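Chemist: Residue numbers (this note's numbering): 109 to 462.
(1) Note down the Cα distance separating residue 151 from residue 139, rounded to an integer number of angstroms.
(2) Could you have a look at residue 343 and say whether DSSP puts it in helix, strand or coil?
(3) Three or more C-beta pairs under 8 Å: does that hold for the region 195-202 against the region 214-229?
(4) Can you tell me whether residue 445 is buried or exposed, with buried defined as 16 or more other CB within 10 angstroms of its CB?
(5) May I ask you to list the residues that DSSP assigns as paired with residue 313?
(6) Would you check if the distance between the CB atom of residue 373 and the CB atom of residue 294 is smaller than 8 Å?
(7) Assuming residue 273 contacts residue 287 under a Cβ cut-off of 8 Å, what Cβ separation, rounded to an integer in Å, is found between them?
(8) Cβ atoms of residue 328 and residue 182: under 8 Å apart, would you say?
(9) On the premise that residue 265 lies in contact with residue 401, defined as a C-beta separation below 8 Å, what is that separation, rounded to the nearest angstrom?
(10) Could you pull out every unbroken alpha helix (DSSP H) segment of at least 4 residues lying fully inside the region 349-394, listed in chain order?
(11) Starting from the C-beta of residue 164, find all residues in its chain whose C-beta is less than 6 Å away, skip the five residues before and the five after it, and write them out in chain order.
(12) Cβ of residue 411 within 8 Å of Cβ of residue 436?
(13) Within 10 Å of its beta-carbon, does residue 331 have 16 or more other beta-carbons around it, so buried, or fewer, so exposed?
(14) Mapping the DSSP letters down to three states, classify residue 160 as helix, strand or coil.
(15) According to DSSP, simplified to helix, strand and coil, what is residue 434?
(16) Cutting at 6 Å between CB atoms, please list the residues of its own chain near residue 136, excluding the five before and the five after it.
(17) Can you list, in chain order, the residues of its chain with a C-beta nearer than 8 Å to that of residue 250? Leave out the 5 residues immediately preceding and following it.
(18) Whole beta strand (DSSP E) runs in the region 158-209 with 3 or more residues, listed along the chain?
(19) So, under 8 Å CB-CB, residue 414 and residue 457 are touching, yes? Tell me the CB distance rounded to an integer number of Å.
(20) Would you tell me roughly how many angstroms separate the C-alpha atoms of residue 313 and residue 128, rounded to the nearest one?
(21) Alpha carbon to alpha carbon, how far is residue 155 from residue 232? Give it in angstroms, no decimals.
(22) Go ahead and pull the three-state DSSP assignment for residue 287.
(23) Report back the beta-carbon spacing between residue 351 and residue 169 to the nearest angstrom; my notes put them in contact at under 8 Å.
(24) Which runs of the beta strand (DSSP E) at least 3 residues long sit entirely within the region 249-307? Give them in chain order.
(25) If you follow the alpha helix (DSSP H) that residue 448 is in, where does it begin and where does it stop?
(26) For the beta strand (DSSP E) that residue 401 lies in, which residues bound it at each end?
(27) Would you mind reading off the limits of the beta strand (DSSP E) that contains residue 232?
(28) Does the beta-carbon of residue 347 have 16 or more other beta-carbons within 10 angstroms, so that it is buried, or is it exposed?
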């Protein structure tokens, strides 16, 4: 770092994104992207919007917010649209966390939570998952902190039932509970219907996974009108034009092409089942996933070796060096062709090392 870098960030450890190779020679199963392109409707609307890039994007994101409200059965002013769901999560740390309202989240979860806490000078604590990687809801009952829970969780893919999240909400009425539903469309159950019952609930989602828009950067939050107003105060105080015109248009198109999205999710779920079954035949173990990835370890071969050998054979998966995770690899569910290629390479690796 330079000698000019503020001392308040000297201990900040930035988030490490998944590898994005430039030569595209890999079967890329490391960043939970969709194997499907955006729909024709989304591409056409984005192209049209691209003809007016001399103008600022709509700071209120009105068309997309209204479409989101209609789609999820909420009011327009119960929605916020952001530059990826990472932005709305960061806004939540800014708006609802401080020394009187510290943050809390699992010790194994989305890696950006501790980064956002450190970035914003927010005290936080991490609660260990159980040995089977599940969240112990009792740990969050009446904790009186701002709670962040990814559901389904990452990198495990395990989901909490809404009935369990309800317990957390009921026991923390004076604290915000943020439910990060980035992967909910692959078999999870959304908490969005609960926003009219609990004024302390914020639900975040993304267009990056099920709606094939990782490169466009589009996310959103849904909560009570008061919570959303707070988040808009932060947004207008940082970047009111936070979502560009082409992304807004593409997002509108993906919502209008819901049948296309649902069909793609169905295919991912089928491919997940196929991959899970094939991995088990090869001696892998994994928790039950309701996401577009599998979190797997082999019974006898180390996780880092599998990651390295796969990379040598042209397959990228995500490996974590954290002690509790080191034997596992997170494998994105892609097309059936990609998953068959993965299994073929794993068979080769296991023949070589066993």
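The beta-carbon is built from N, C-alpha and C at its ideal position, and this holds for glycine as well.
Predicted, not measured: the structure shown is a model, and the values here were computed from it.
Modeler: To lay it out plainly:
(1) Answer to the nearest angstrom: the Cα atoms are 22 Å apart.
(2) Here residue 343 sits in helix by DSSP.
(3) Between the region 195-202 and the region 214-229, the count of Cβ pairs shorter than 8 Å is three or higher; the stretches touch.
(4) Exposed, since its Cβ has fewer than 16 Cβ neighbours within 10 Å.
(5) Beta bridge pairing from DSSP links residue 313 with 328.
(6) Here residue 373 is near residue 294, since their CB atoms are less than 8 Å apart.
(7) So it is a contact: roughly 6 Å between Cβ atoms.
(8) For residue 182 and residue 328, no; Cβs fall outside 8 Å.
(9) Residue 401 to residue 265, Cβ: 6 Å. Contact.
(10) Listed in chain order, they are 353-364 and 366-389.
(11) Take residue 164, set aside five residues on each side of it, and the residues of its chain with a beta-carbon closer than 6 Å to its own are 349, in chain order.
(12) Cβ atoms of residue 411 and residue 436: closer than 8 Å.
(13) That one is buried.
(14) Of the three classes helix, strand and coil, the one that applies to residue 160 here is helix, per DSSP.
(15) DSSP places residue 434 in coil when its eight states are reduced to three.
(16) Cβ within range, chain order: 424.
(17) The residues are 279 and 280.
(18) Counting only runs of 3+ residues, the beta strand (DSSP E) found wholly inside the region 158-209 occupies 187-190, in chain order.
(19) About 6 Å; that satisfies the 8 Å criterion.
(20) Straight-line Cα distance between these residues: approximately 22 Å.
(21) Straight-line Cα distance between these residues: approximately 43 Å.
(22) Of the three classes helix, strand and coil, the one that applies to residue 287 here is strand, per DSSP.
(23) For residue 351 against residue 169, the beta-carbon gap comes to about 6 Å, under 8 Å, which counts as contact.
(24) Secondary structure within the region 249-307: the beta strand (DSSP E) runs of 3 or more consecutive residues, fully enclosed, are 254-258 and 285-288 (chain order).
(25) From DSSP, the alpha helix (DSSP H) with residue 448 extends over 444-461.
(26) Residue 401 -> beta strand (DSSP E) spans 401-406.
(27) From DSSP, the beta strand (DSSP E) with residue 232 extends over 232-235.
(28) Its Cβ having fewer than 16 others within 10 Å, residue 347 is exposed.
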